[in-house]
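There are 2 protein chains.
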Amino acid sequence: MTTHIDLDFSKGNGLVSAIAQDANSKEVLMCAFMNREAFETTLATGYAHYYSRSRDSLWKKGESSGHLQKIREIRVDCDQDCVLMLVEQTGVACHTGRRSCFYRRAVNTEELDFLDQDKTPGDTSEKA
Amino acid sequence: MTTHIDLDFSKGNGLVSAIAQDANSKEVLMCAFMNREAFETTLATGYAHYYSRSRDSLWKKGESSGHLQKIREIRVDCDQDCVLMLVEQTGVACHTGRRSCFYRRAVNTEELDFLDQDKTPGDTSEKA
């Protein structure tokens, strides 16, 4: 049984959420957004593309850094307003040099601590 | 080392993305949104709360269905516009009766198939 891909961009002003999860470790690497062009380009090329809200443009993940996300599988949620990509991550997902963007956790209602206290992050000067 | 929690609601019209991931299996269960109230209520109560865009209201996950999400850990991403919750899911996350909302995958550029072809989903009449 199959259903037609019909992403619902209406609730998000033309965007859907897009999560990248490491296909092997299952670690959630990052979460951003896609417009229709980003989704279709991701499907067509086999590499994750996003829509940058701050730069108002299509964004191939890793285009400048080389930290590409090769698509292993693309899943769509029940109401088709979110995309989950299982990816093979080259290098790191986060622009801070960390494997995942989710490197801090809430310790109370006010503060975050770092999951990788001992690690020295890499270059933070450009978007990964 | 700690940093202050200072979620960036500005880019998302008052909302940030919120992902629920099974704390044990690492399966991504769902993705929705939080406003400030939903985030603070989640932290304060230890159970996932979201903001429903379609209903324009705070939404305690599982309030009617009993399918609560107990927070094991809350992570925040690098630019503080996305929250990742590691949760202990009671019952199922999806309103279709499936464990995860991501039960379909793209088989080509047009169609989705079902990861659980053999499973009969549960009640679809109310939001989980």
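Just so you know, the protein sequences line up as chains A and B, in that order. The opening residue of the first sequence carries number 1 in the UniProt record's numbering; numbering runs sequentially from there. The opening residue of the second sequence carries number 1 in the UniProt record's numbering; numbering runs sequentially from there. For each residue, glycine too, the CB sits at the ideal point set by N, CA and C. Since the structure is predicted, the reported quantities are computational estimates derived from the model, not experimental observations.
What three-state label does DSSP hand residue i in the structure shown?
i	result
B:GLY36	Residue identity differs from the one stated: residue 36 of chain B is Arg in this sequence, not Gly. B:ARG36 falls in the helix class under three-state DSSP.
B:LEU7	coil
A:LEU58	strand
A:LEU43	helix
B:THR90	coil
B:ASP113	strand
B:ALA106	strand
B:HIS95	coil
A:SER52	strand
B:CYS101	coil
A:MET1	coil
B:SER125	Model confidence at B:SER125 stands at a pLDDT of 42, short of 50, so the residue's coordinates are unreliable and nothing is read from them.
In this structure, what does DSSP give as the bridge partners for residue i?
i	result
B:LEU84	B:ILE19 and B:ARG75
B:LYS26	Bridge partners of B:LYS26: none, in fact.
Taking the straight line between their C-alpha atoms, what separation do you get for residue i and residue j?
i	j	result
B:LEU68	B:GLY91	8 Å
A:CYS94	B:ASP113	31 Å
residue 130 of chain A	A:MET1	Past the boundaries of the shown model lies residue 130 of chain A; chain A is included only from 1 to 128, so the question cannot be answered.
A:GLY12	B:GLY12	9 Å
B:LEU29	A:ASP77	9 Å
A:ALA128	A:SER10	Residue confidence for A:ALA128 is low, a pLDDT of 47 falling below 50, so the modelled location carries little weight; the figure read from the coordinates is stated next. Approximately 28 Å between the Cα atoms of the pair.
B:ALA32	B:VAL83	10 Å
B:ASP81	B:THR3	15 Å
A:TYR103	A:SER65	20 Å
A:GLU73	B:ALA106	7 Å
B:THR42	A:GLU111	15 Å
Measuring only between beta-carbons, confirm whether residue i sits less than 8 Å from chain A.
i	result
B:SER65	no
B:ASP77	yes
B:PHE102	yes
B:THR2	yes
B:GLU110	yes
Less than 8 Å between CB atoms is the rule here; does residue i satisfy it with respect to chain B?
i	result
A:ASP113	yes
A:VAL28	yes
A:ILE19	yes
A:GLU73	yes
A:ALA7	Here the sequence assigns Leu to residue 7 of chain A, which means Ala is not the residue at that position. No, A:LEU7 does not count as interfacial toward chain B.
A:ARG105	yes
A:HIS49	no
A:THR45	no
A:ARG99	no
A:ARG53	yes
Are there three or more Cβ pairs, one per stretch, closer than 8 Å when the segment 54-62 of chain B is compared with the segment 83-103 of chain A?
Segment contact: the segment 54-62 of chain B against the segment 83-103 of chain A, fewer than three CB-CB distances shorter than 8 Å; contact not assigned.
So, does the segment 19-29 of chain A touch the segment 95-111 of chain A, judging by three or more C-beta pairs under 8 Å?
Enough Cβ pairs lie closer than 8 Å, so yes.
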